[in-house]
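Inspection log for the structure reproduced underneath, given as structure tokens.
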Amino acid sequence: MTDVQTKTRARPAAVILTPTSQARIAELMRQAPEGAIGVKLSTPKRGCSGLAYSVDYVSEETTFDEKIETPGGVLYIDGASVLYLIGSTMDWVEDDFTAGFVFNNPNAKGSCGCGESFTV
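Start counting the sequence shown at 5; every next residue gets the next number (my numbering).
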């Protein structure tokens, strides 16, 4: 009888975070309400194309959520949204008029004219 050993390898994160998005998560966590353990990315159904990106504070872990540790805090990805986001890059962009998270999502097949929602 031979011993069979199983090796596990770390899987890559579902979403790649740029340094500016990590810095923004750290800033959000410094300002977080009491009880917040991180921020959560989800893709609720809304907008003219079907799905939108939403980032909110989260106060408890959910079993199927993806968890990405950053130096300034934890980003959770809603378990039901992971398949729509695999391979995406999450960035934080600021200019003179707007500031917000921007997503480069290879799974998006189209988006609305205003950029608020996307289809897969």
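Positions of the beta carbon are idealized from the N, C-alpha and C atoms, including for glycine.
Computed from a predicted model, the values in this text were never measured in an experiment.
Following the continuous alpha helix (DSSP H) through isoleucine 81, name the residue where it begins and the one where it ends.
Along the sequence shown, one-based indexing puts residue 81 at 77. From DSSP, isoleucine 81 is part of no alpha helix (DSSP H) but of the beta strand (DSSP E) over 77-81.
Per DSSP, which residues does threonine 102 bridge with? Please list them.
Counting from 1 along the sequence shown, the entry for residue 102 is found at position 98. In DSSP, threonine 102 forms no bridge with anything.
Can you look up threonine 93 in the DSSP assignment and give me helix, strand or coil?
As a working mapping, residue 93 is identified with position 89 in the sequence shown. Correct three-state label for threonine 93: strand.
Closer than 6 Å by C-beta to alanine 18: which residues in its own chain qualify, once you throw out the five before and the five after it? Chain order, please.
Taking the first residue of the sequence shown as position 1, residue 18 is located at position 14. Within the same chain, alanine 18 has close Cβ partners Glu70, Ile81, Val86, Leu89, Ile90.
Can you tell me whether DSSP reads tyrosine 61 as helix, strand or coil?
Mapped onto the sequence shown, residue 61 falls at position 57. Of the three classes helix, strand and coil, the one that applies to tyrosine 61 here is strand, per DSSP.
At which residues does the beta strand (DSSP E) containing serine 46 begin and terminate?
Along the sequence shown, read from residue 1 onward, the residue named residue 46 stands at position 42. Where serine 46 is concerned, the enclosing beta strand (DSSP E) stretches over 42-46.
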